[in-house]
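Asks: Residue numbers (my numbering), protein chains in the order written: chain D, 1 to 289; chain X, 290 to 578; chain B, 579 to 867; chain R, 868 to 1156.
No residue lacks a Cβ here, since even glycine has one placed at the ideal position from N, Cα and C.
Since we're looking at a predicted model, the values are computed, not measured.
Here it is: the structure, laid out below.
Number of protein chains: 4
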Amino acid sequence: MEIVVPILTPFNPDGSVNKEALRTHASNLLQKGVDLIFVNGTTGLGPALSKEEKKENLKALADFADRIIFQVGELNIDNVMELVKFSSDYGIKAIASYSPYYFPRLPEKWLISYFKRLVEISPHPVYLYNYPLATGYDISPKLLSKFNLELAGVKDTNQDLAHSLEYKSAFPKMNVYNGSDTLAFYSLLTLDGTVASMANCLPTLFVEMKNSIVRGDLKRGMVYQRLISSVVDIARKYGQLSALYVLTETTQGYSLGGPRGPIFPLEEEERNQLKREIELFLKSLGVLN
Amino acid sequence: MEIVVPILTPFNPDGSVNKEALRTHASNLLQKGVDLIFVNGTTGLGPALSKEEKKENLKALADFADRIIFQVGELNIDNVMELVKFSSDYGIKAIASYSPYYFPRLPEKWLISYFKRLVEISPHPVYLYNYPLATGYDISPKLLSKFNLELAGVKDTNQDLAHSLEYKSAFPKMNVYNGSDTLAFYSLLTLDGTVASMANCLPTLFVEMKNSIVRGDLKRGMVYQRLISSVVDIARKYGQLSALYVLTETTQGYSLGGPRGPIFPLEEEERNQLKREIELFLKSLGVLN
Amino acid sequence: MEIVVPILTPFNPDGSVNKEALRTHASNLLQKGVDLIFVNGTTGLGPALSKEEKKENLKALADFADRIIFQVGELNIDNVMELVKFSSDYGIKAIASYSPYYFPRLPEKWLISYFKRLVEISPHPVYLYNYPLATGYDISPKLLSKFNLELAGVKDTNQDLAHSLEYKSAFPKMNVYNGSDTLAFYSLLTLDGTVASMANCLPTLFVEMKNSIVRGDLKRGMVYQRLISSVVDIARKYGQLSALYVLTETTQGYSLGGPRGPIFPLEEEERNQLKREIELFLKSLGVLN
Amino acid sequence: MEIVVPILTPFNPDGSVNKEALRTHASNLLQKGVDLIFVNGTTGLGPALSKEEKKENLKALADFADRIIFQVGELNIDNVMELVKFSSDYGIKAIASYSPYYFPRLPEKWLISYFKRLVEISPHPVYLYNYPLATGYDISPKLLSKFNLELAGVKDTNQDLAHSLEYKSAFPKMNVYNGSDTLAFYSLLTLDGTVASMANCLPTLFVEMKNSIVRGDLKRGMVYQRLISSVVDIARKYGQLSALYVLTETTQGYSLGGPRGPIFPLEEEERNQLKREIELFLKSLGVLN
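This is the structure in structure tokens:
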């Protein structure tokens, strides 16, 4: 039962990645009890990072390599292969990739070929990152079965928990994480864990939720889930990807800079409003102190 | 009334762009009567090209600059700005960009900010490339109006022709092209033209269709449309993006290499089957000889 | 090239159908040049009418039987069969039916069986009323071909005109009408006509649009299309189904009562606002006088 | 923590409801430990039943009135009101209704008005039956809050469990049931229960699942969930609505006749194949003996 955080990528004002801030953030999250770090995910603006930036993110987190899932997906398979090879110098837990995206009507067999090539070349276990809402493709358990493709794990970002469960039924040895913040409780309880972007700013809550489940105190676990879901609701009003930078700064006490356009940072006024809203909310729950 | 071709990007076996083939192809299409060339579009695998590759495509086609619409979209706005600046050395007709993609739930105002920045910096007219099925966002006429954003043109890749018409109603001076092959006849007839991927392999048919419309022979125009739609149907069975390379080779008599993974080239057997199918179809219609 | 109006069903304050008003309306529309009347369609609240009410609508319009397409669809096939038999006493042009609706995941063959039974029993030609947005099912040309089901006609309510064209390509003898108000011009120009709910309140505009096309004056035809599309835009702000009653009253000078809950009539203030808005719009265009 | 079964409506060969079979089935389910019966739901072909048939279903089950939720939805609000009044003679637990369906683009306030009228007139608590996939409308907790409409309960047929949870967060006193068979375990565990069509044919499994949860044996509960999900998978291959009649006959030992067109009964060969498949599956699990 693992808490996996798809880590934010902090950018400097000039648009370059702030590796020091990335390291600080990862170290803090692991220290607070998060189990694994998912690098270059959607929350980390993976599809907006160049091949070189993806590499540097891994390099920056080399000290925590055994806790890292390294996302390598791109629309240029040569680059993807290069990233996979690059990862062989690091003792990471797994590589992961979303499917091709943007292009509509890709034949199923191209999607499968993509993942088969990853499996052939990767020195590490290969995890599927399934995110139909973003990519337009559902690399479902049925599709994997149809093409006899067995993968080591899956991050299924999907509001349908039954869909995530199906991976486990079809491939009992597969490591299955649902990737929705609002289903984290259930994913911890009945799958192998959760990949939760909110763990960037609320790591302690996730750890408490997990501990509640371990103790068998499901009611308390559900209280944490509701709290987390409420913060998701607040973040979405501002644009979740950018709000997460502000929320993390507010709750963790260090700056992560901001995102990079076209994921635009919140404007000053929005930042302040969000900070006030979240501080009020968390104080009302006694979480901040 | 213009025929715009979103030009295929030919790749060498090593994954690099084959600039010579790109030039040959562009030259041939223009000679056959195509009016404009849309560079780095979806058919050209734009989202799978690096910033450098996008630049080189423009450089390779510099001789035809006045016939070129240069697509600059990326998920890194610094790169996009660099591409726009790069274009200032070329006397192109316009730059264009699709909206941000992949990331779900981006606030409307970020989408608009993206295009506003293009307008601010671009030395050329700015065209919207609206493709909701690929990007997840509809930069609709209503959205543009809401934010008072007037653009010089739009390629609306959308099966709803009424949607394309709405741009014209809201912004009478806007250059409006529908981007669907199966609606090209209508787009030529009542908008400013069509952006049609099938014009890569069937340029003469598109020119004949346009000429029929100019002559007022709509019935004959519709015959060409049906023919084109039938070829789309055939291409989709194989994976349209890759099939277009084979179809163009078959009808135009020169090689364009192939696409680049994860847009995988057709396998030998598929190539042959597609060639046979298309030759049979075109011969039955007396087009090939 | 026919203009087909999916006629509004006028209701009395007690919820019963106002047959006299229905007759008056049909007579007026035909006199103004509308070609055919589609009874019990979506605009006529067909799915909200009982079997008996559907019969009475046909009875009330018996004088115009040869101009009538009689929609018989329901979720109880015994009722549907009864309606088909009932129609044998009337010399109507065709019966029509939407597919089953509401129930998700019906197997294709049940959908086809439904229409096959209509064909077996009907004394009149059978038209498909394809409306995927309402029913959840696309009875596409490909589906009909797959099951070897040839129908006499189709009303394809679909923003994708290419989809409507495909029926004609697959079944050249099929009578094909697109059912979208915003595509009526194109449907008149290149298919067998249009089924247009706005012809309830703007019959003369549709007739003028058709005449423009017949004369070859496409530019003028497009002017009418834009006008019609603008009225659709206005109507949708109020709830199109109910707004049509008010718009028809305003332009045609007689009352049609109102719809029946849960298609709620506009409130007094909304009615007045809509009337003012439409009168202003039409006067500005010189249509009303 | 309640198991609610949306009861099948058994039809005679002549298309009339077989009330005796309905009673037998209800009695058996309740005896086996199902808590409540949802009458005229989707599984019961509610939208395909006439107003009179809906009444007769309630009449037939009068002996179990206190265990009944009576679904009254129709597209004619006068009929709906009549059904609500009819229910006042029965000591039922609640009435319920899906929202209006079929008609696209109904304004939010019409949807809310519909439910407000139910609340005004109903002598019983009013439950929302939210089923966006079937109706096209999501009567979400946010929508209810926006219009200040508080309802006594909700059956949320929705693969997104977080959506169901939101009702509970917004309206803590609301009775919340998720309506998906594949999420029943979670719905029992953290909401007020489940509405599960599969409880028609697998009542004992649902009861065992519930008992496992009560005992705190979640692992065993999940085993039952997977079993149930597998049966859903099998049923869907045949057309779930019709397959349920066959499955119930097979597991419960009495006949329920069949559905009514256009929900067509399985053909002889399909029935036999399904029976074999399910018997094999259940025997392999030791459930049938």
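What does DSSP give as the partner residue(s) for Pro104/D in the beta ladder?
Replies: Paired residue(s): none; Pro104/D is not in a bridge.
Asks: Short check: CB of His124/D to CB of Ile77/D, under 8 Å?
Replies: no
Asks: For chain R, find out if any of its Cβ atoms is closer than 8 Å to the Cβ of Gln300/D; answer yes or no.
Replies: Since the first residue of chain D shown is 1 and the last is 289, residue 300/D is not available in this structure.
Asks: According to DSSP, is Pro990/R helix, strand or coil?
Replies: coil
Asks: Which residues mark the beginning and the end of the alpha helix (DSSP H) in which Leu477/X is found?
Replies: 473-479
Asks: What is the rounded straight-line gap between the Cα of Lys629/B and the Cα of Ser775/B?
Replies: 22 Å
Asks: Going along chain X, which residues have a C-beta under 7 Å from Arg105/D?
Replies: Arg525, Gln529
Asks: Mind listing the chain R neighbours of Ala821/B? Cutoff is C-beta to C-beta under 7 Å, in chain order.
Replies: Correct list: empty, because the minimum Cβ distance to chain R is about 10 Å.
Asks: Is there a Cβ of chain R sitting closer than 8 Å to that of Leu285/D, yes or no?
Replies: no
Asks: Is it a yes or a no for the stretch 658-665 of chain B touching the stretch 631-643 of chain B, going by three-plus beta-carbon pairs under 8 Å?
Replies: yes
Asks: Could you check which residue in Leu1147/R, Ala1001/R, Thr1115/R, Gly911/R has the C-alpha nearest to that of Val884/R?
Replies: Per the Cα distances, Gly911/R.
Asks: Compare the C-alpha of Asn489/X against each of Lys398/X, Tyr513/X, Tyr390/X, Asp470/X and name the closest.
Replies: Asp470/X
Asks: Just to make sure I have the definition right: I need the residues of chain B whose C-beta is within less than 9 Å of the C-beta of Asp945/R. Which are they?
Replies: By Cβ distance, chain B contributes Asp592, Gly593, Arg838, Gly839.
Asks: Check whether the stretch 1015-1026 of chain R and the stretch 124-140 of chain D are in contact - that is, three or more C-beta pairs closer than 8 Å.
Replies: no
Asks: When the Cα of Glu208/D is compared with those of Thr9/D, Gly33/D, Ile7/D, which residue comes out closest?
Replies: Across the set Thr9/D, Gly33/D, Ile7/D, the C-alpha of Gly33/D shows the shortest separation from the C-alpha of Glu208/D.
Asks: Out of curiosity, what's the CA-to-CA distance linking Asp160/D and Asn726/B?
Replies: 37 Å
Asks: Between which two residues does the alpha helix (DSSP H) containing Asn79/D stretch?
Replies: 77-86
Asks: Within 10 angstroms of the Cβ of Leu852/B, are there 16 or more other Cβ atoms? Answer buried if so, exposed if not.
Replies: buried
Asks: Would you verify that the beta carbon of Leu133/D is, or is not, closer than 8 Å to some beta carbon of chain X?
Replies: yes
Asks: Determine the burial state of Asn867/B: buried for a count of at least 16 other Cβ atoms within 10 Å of its Cβ, exposed for fewer.
Replies: Because Asn867/B carries a pLDDT of 46, less than 50, the predicted location of this residue cannot be relied on, and no value is offered for it.
Asks: Cβ closer than 8 Å: which chain B residues qualify as neighbours of Ala451/X?
Replies: Gln737, Ser758, Thr760, Leu761, Ser807
Asks: Once DSSP output is grouped into helix, strand and coil, what is the label at Gly714/B?
Replies: Collapsing the DSSP output to three states places Gly714/B in coil.
Asks: Residues in the same chain with beta-carbon distance under 6 Å from Pro492/X, minus the five sequence neighbours each way, listed in chain order, please.
Replies: Leu318, Lys321, Val323
Asks: Note down, in chain order, every chain D residue with its Cβ under 7 Å from the Cβ of Phe553/X.
Replies: Neighbourhood of Phe553/X in chain D, by CB distance below 7 Å: Trp110, Ser113, in chain order.
Asks: As an exercise, report each continuous alpha helix (DSSP H) stretch of at least 4 residues that is fully enclosed by the stretch 886-964 of chain R, in chain order.
Replies: 886-898, 918-927, 944-953, all fully within the stretch 886-964 of chain R.
Asks: Can you list, in chain order, the stretches of the beta strand (DSSP E) that have 3 or more residues and sit fully within the stretch 240-281 of chain D?
Replies: Runs of the beta strand (DSSP E) inside the stretch 240-281 of chain D: none found.
Asks: Specify, as a first and last residue, the run of the alpha helix (DSSP H) that Pro6/D falls within.
Replies: It is not in any alpha helix (DSSP H) - Pro6/D instead sits in the beta strand (DSSP E) that spans 2-6.
Asks: Relative to the C-alpha of Ser458/X, which residue among Tyr513/X, Pro430/X, Gly304/X, Thr446/X is closest?
Replies: Pro430/X
Asks: Assuming Ile856/B and Val809/B are in contact, meaning their beta carbons sit under 8 Å apart, how far apart are those beta carbons, in whole angstroms?
Replies: 7 Å
Asks: What's the call for Asp751/B, buried or exposed, on a 16-neighbour Cβ count within 10 Å?
Replies: Position check: residue 751/B holds Lys in this sequence, whereas Asp was assumed. Per the 10 Å Cβ criterion, exposed.
Asks: Once you ignore the five residues that flank Tyr965/R on each side, which residues in its own chain have a CB closer than 6 Å to its CB?
Replies: These residues qualify, in order along the chain: Gly940, Tyr996, Tyr998, Thr1002.
Asks: Looking only at DSSP bridge pairs, what is Lys155/D linked to?
Replies: Tyr129/D, Tyr177/D
Asks: Indicate the three-state DSSP secondary structure (helix, strand or coil) for Asp1100/R in the structure shown.
Replies: helix
Asks: Count the other CB atoms, across all protein chains shown, that sit within 10 Å of the CB of Arg1138/R; report buried if there are 16 or more and exposed otherwise.
Replies: buried
Asks: For a cutoff of 8 Å on Cβ pairs, would you count Ala626/B as touching chain R?
Replies: yes
Asks: Just to confirm the assignment, what range does the beta strand (DSSP E) spanning Val207/D have?
Replies: First-last for Val207/D: 203-215, but that is the alpha helix (DSSP H), not the beta strand (DSSP E).
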